[in-house]
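Engineer: When you line the sequence shown up against our numbering, it's residues 663 to 1311, in that order. Using N, Cα and C, we set each Cβ at its ideal position, and we do this for glycine too. Okay, here's the structure, questions in a sec.
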Amino acid sequence: MLIANNLSLCFGEKVIFEDVSFRIVAKNRIGLTGINGSGKTTLLKIITKAIKPDNGSIRYPAGYSIGYLPQMIKRDSPLSVLQEANLAFEEQHDIEKEIRALHKLIETTPHTDHHFEKYLSRLSHLEDRFHFLGGGQSEIQTEKVLKGLGFKQEAFQQPYAELSGGWKMRVELAKILLKHPDLILLDEPTNHLDIYSIKWLEQFLQKYPGSLMLVSHDRAFLDAVTNLTFETIHGKLAQFKGGFSAFEKFKKGDYEKTLQAKKQQDKYIQETQILINKFRAKKNKAAFAQSLIHKLERLEKIELPEAEDKALKIHFPAPPRPGKIVMKATQISKFYGDKHVLDQVAFELNRGEIVAFVGKNGEGKSTFARILSGQESFTGSVKPGHQVNIGFFAQDSAESLNGKISVLQTLEELGSGLSSGAIRSLLGTFRFSKDDVDKKVKVLSGGEKTRLALARLMLQPYNLLILDEPTNHLDMRSRDILKSALKQFKGAVIVISHDRSFLDGLAEKIYEFDQKSIITYLGDIQYFFLKNPHFGQAIPADKQQKKKKEKNTGQKKQYEQKKVLRKQERILTKKVHKAEQKIKQISTEINNMNTSMANSTSAMTEAFYDDYTLKKEALEEAENQWADDLEKLDSIKEALKSMEQTNNE
């Protein structure tokens, strides 16, 4: 168990954390979320002791191990991929040596010796740890993990130093998984993984016996892996029992509830302040006014949840109408030296279609995208349709921007014919404020660079967009807004992405790149997972009867659950109705008292104002109880509705 107590940290005048406490126990799967700059990565570094908090402490047992994968890897090694991965087994090798030494000590130590029990206890602990680490299976484990993360057998002997940053990240991730630490910390682990590797990592982490905390903008990955959600907000750490989508739903409802509570409190404060101002100058009411002041001072102010960054406002320009066939490619082949990437590939895209390219890294997705956009040499034929104008977002678009010029100059140099004012207005929709447009590109964050690269696609009315990993470095909200804009776009779209949530409901046809060719799936990403042999699993005949029996048992269990939920629904419906009647009654009494105060020509008695205050508090309490019961009732109704839909399906 890891225990963090009262962590506080400031960077200058900015409070990152203030009195943050939490625990991580075995098999916790924690998704760490929060707006950009709220301290997610900082918290991971505090846990690893790379950053020391100003106050507070982190405690864990002796021998507690932590594996940390940062967003960026900056290291080299003279070893091969396989040799580098095998460094993960240093602990196993050390344990093996100590186990052999203990066996010799136990053999030569009399049972009556006071050290004998100590040796046996230590041996038992080491053997348990050795088994947890998968001892004796290092070669099999290394091959399984490296292949799961996308390495082919022939790449095992490739020098680590020759790998790109993304592939180095995979090796470092493999080492962490092979070490089997007590706690795994992952900062955006899916950024450099393909859709297959992400699925494999999900399955690995779901079965992992240790604990996990991860930062990710991949909603589907978070939902598949996590069972707890921590949110960094206002220097605090909100903790929620449930995965990310459940947390999002709760947060939306909680925001509405908090908003209503804040409105009531603001109204109460305003009315109390009126009373204070009315009576503070009167000698016989000065004490009463002072008591009201103390009440306001003691009142815990309700704060709304921290606002997200100003939203993107992506709207692609209306494109000219092209011909029916937007792009046609035939007999496309591509070699990089001796490496054969594509072989006699054919492809056709029609007007208004949105399609996705998926597949393992290195199978030619980005190469084919560059070929279609005219950025890459090839053999074969590519014919754009009538009046087709292509907008291309390359995978490295964000990083290939000129860092020496400003944000504004980046768009101005494209010579779109737009005025400086129009370009400034466009940048504003991509969350670049007045001062931001004069910043040098080199000082921008990864997300800001991605937004700037996307903004360049707005300078012309393209009717074909080819987007290679456009969501990298974008937060969830920005991904959702980009997805919405693409769905409303009147042109055709080719998108390469490993983000299943982004593709879900967007792409209507999937092209899988595999073995130098492409396989077409005439459906969305869910259809692809269902029909793809790698993901789809037919039910063996000998298990069909068992599945039928399980279904009948499940239906009986669901019937009992529905009976319980129906009873709770009836009880809560009555409670909500009674609460509404009570609120109506108290509100009427308060309105009558307000009328009395407004029409009275003389001061009301202190008892009157005490009664008035009590009624206001009673109203607030009744409304809070009503909101809680209504939320529970809605949740039960949603559960019953979900059961009905499942039965209908």
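Bridge partners for P821 per DSSP, in chain order?
Structural biologist: DSSP, once it has assigned bridges, lists S742 as partnering P821.
Engineer: Where DSSP assigns a beta bridge to G693, which residues make up the other side?
Structural biologist: Note: G693 sits in a beta bridge opposite L876, T891.
Engineer: Contact between the region 916 to 935 and the region 994 to 1006: three or more CB pairs below 8 Å?
Structural biologist: Because the criterion of three Cβ pairs below 8 Å is not met, the region 916 to 935 and the region 994 to 1006 do not touch.
Engineer: Buried or exposed: which applies to Q819, given that a residue is buried once 16 or more other Cβ atoms fall within 10 Å of its Cβ?
Structural biologist: When all chains shown are included, Q819 counts as exposed.
Engineer: Check whether the Cβ atoms of V1069 and V1050 sit closer than 8 Å, and answer yes or no.
Structural biologist: No; because the gap between Cβ atoms is not below 8 Å, this pair is not in contact.
Engineer: Under 8 Å: do the region 798 to 814 and the region 851 to 858 share three or more Cβ pairs, one atom per stretch?
Structural biologist: Short answer: they touch.
Engineer: Is M875 buried or exposed, if buried means 16 or more other CB atoms sit within 10 Å of its CB?
Structural biologist: It counts as buried.
Engineer: Nearest-angstrom Cα distance between N1194 and L785?
Structural biologist: Looking at the two C-alpha atoms, the distance is approximately 47 Å.
Engineer: Taking contact to mean at least 3 C-beta pairs separated by less than 8 Å, is the region 826 to 839 in contact with the region 672 to 680?
Structural biologist: The region 826 to 839 is not in contact with the region 672 to 680.
Engineer: Please report the straight-line C-alpha distance between G674 and K707, rounded to a whole angstrom.
Structural biologist: Approximately 18 Å, taken between the alpha carbons.
Engineer: Buried or exposed: where does Q799 fall if 16 or more other Cβ atoms within 10 Å of its Cβ makes it buried?
Structural biologist: Classification of Q799: exposed, given that the 10 Å Cβ count is below 16.
Engineer: Considering only residues of the region 1013 to 1094, which uninterrupted beta strand (DSSP E) runs meet the minimum length of 3 residues and lie entirely inside it, listed in chain order?
Structural biologist: Runs found: 1016 to 1021, 1041 to 1046, 1052 to 1055.
Engineer: From K1229, K1294, Y1274, pick the residue whose C-alpha is nearest to that of L937; which is it?
Structural biologist: It is Y1274 whose Cα lies nearest to the Cα of L937.
Engineer: Beta-carbon separation of I1172 and A1056 under 8 Å?
Structural biologist: Cβ distance not < 8 Å, so I1172 and A1056 don't count as in contact.
Engineer: How many Å lie between Q733 and K940 at the Cα?
Structural biologist: Taking the straight line joining both Cα atoms gives about 59 Å.
Engineer: Could you check which residue in P772, D790, N1253 has the C-alpha nearest to that of H842?
Structural biologist: Selected option, being the one with the closest Cα: D790.
Engineer: Tell me whether M989 sits in a helix, a strand or coil according to DSSP, three-state version.
Structural biologist: Three-state DSSP puts M989 in a strand.
Engineer: Which one or two residues does DSSP pair with H1002 in a beta bridge?
Structural biologist: F997, per the DSSP bridge assignment.
Engineer: Taking the straight line between their C-alpha atoms, what separation do you get for A969 and Q1188?
Structural biologist: Annotation note: pLDDT 48 at A969 (below 50); position unreliable, coordinate value reported separately. Approximately 33 Å between the Cα atoms of the pair.
Engineer: Using alpha carbons as the reference points, say which of T852, S742, S953, V887 lies closest to E1268.
Structural biologist: For E1268, the nearest C-alpha among the options comes from S953.
Engineer: With a 10 Å radius around its C-beta and 16 neighbouring C-beta atoms as the bar for buried, classify V877 as buried or exposed.
Structural biologist: With 16 or more Cβ atoms within 10 Å of its Cβ, V877 is classed as buried.
Engineer: At the level of alpha carbons, what is the spacing between N668 and S719?
Structural biologist: Cα to Cα, N668 sits roughly 7 Å from S719.
Engineer: Run the CB neighbour count on P1202, radius 10 Å, all protein chains shown included, and call it buried at 16 or more, exposed below.
Structural biologist: With a pLDDT of 38 at P1202, under the threshold of 50, the modelled position of that residue is not reliable, and the figure given next carries that caveat. So P1202 ends up on the exposed side.
Engineer: One question on the structure: do K1294 and L1227 come within less than 8 Å of each other, judged by their Cβ atoms?
Structural biologist: Cβ atoms of K1294 and L1227: not closer than 8 Å.
Engineer: Give the secondary structure of R983 by DSSP, where H, G and I count as helix, E and B as strand, and everything else as coil.
Structural biologist: Coil at R983, not helix or strand.
Engineer: May I have a chain-ordered list of the alpha helix (DSSP H) segments no shorter than 4 residues that lie completely inside the region 721 to 808?
Structural biologist: Listed in chain order, they are 743 to 748, 752 to 770, 776 to 794.
Engineer: According to DSSP, simplified to helix, strand and coil, what is R685?
Structural biologist: Three-state result, R685: strand.
Engineer: Within the region 1157 to 1203, note down every full beta strand (DSSP E) run reaching 3 residues or more, in order along the chain.
Structural biologist: With a minimum length of 3 residues, the continuous beta strand (DSSP E) runs that stay inside the region 1157 to 1203 are 1171 to 1176, 1179 to 1183.
Engineer: Tell me which same chain residues have a C-beta within less than 6 Å of the C-beta of A1289, skipping the five on either side of it?
Structural biologist: Answer for A1289: K919, listed in chain order.
Engineer: Among T703, F778, P1046, I1052, which has the Cα closest to the Cα of V1157?
Structural biologist: Cα-wise, what sits closest to V1157 is I1052.
Engineer: In the DSSP assignment, what residue or residues form a beta bridge with S1258?
Structural biologist: Bridge partners of S1258: none, in fact.
Engineer: Whose C-alpha, out of R1141, E1222, I987, P821, is nearest the C-alpha of L741?
Structural biologist: Of the listed residues, the one whose Cα sits closest to L741 is P821.
Engineer: For the pair the region 1022 to 1037 and the region 1147 to 1155, tell me if three or more CB-CB distances fall below 8 Å.
Structural biologist: Touching, no, given that fewer than three Cβ pairs across the two stretches are closer than 8 Å.
Engineer: What number of angstroms, rounded off, separates the C-alpha of A1200 from the C-alpha of K869?
Structural biologist: Model confidence at A1200 stands at a pLDDT of 38, short of 50, so the residue's coordinates are unreliable and nothing is read from them.
Engineer: How many Å lie between H1196 and K1111 at the Cα?
Structural biologist: Each residue's Cα considered, the two are about 35 Å apart.
Engineer: Do the CB positions of S1059 and T992 come within less than 8 Å of each other?
Structural biologist: Cβ distance not < 8 Å, so S1059 and T992 don't count as in contact.
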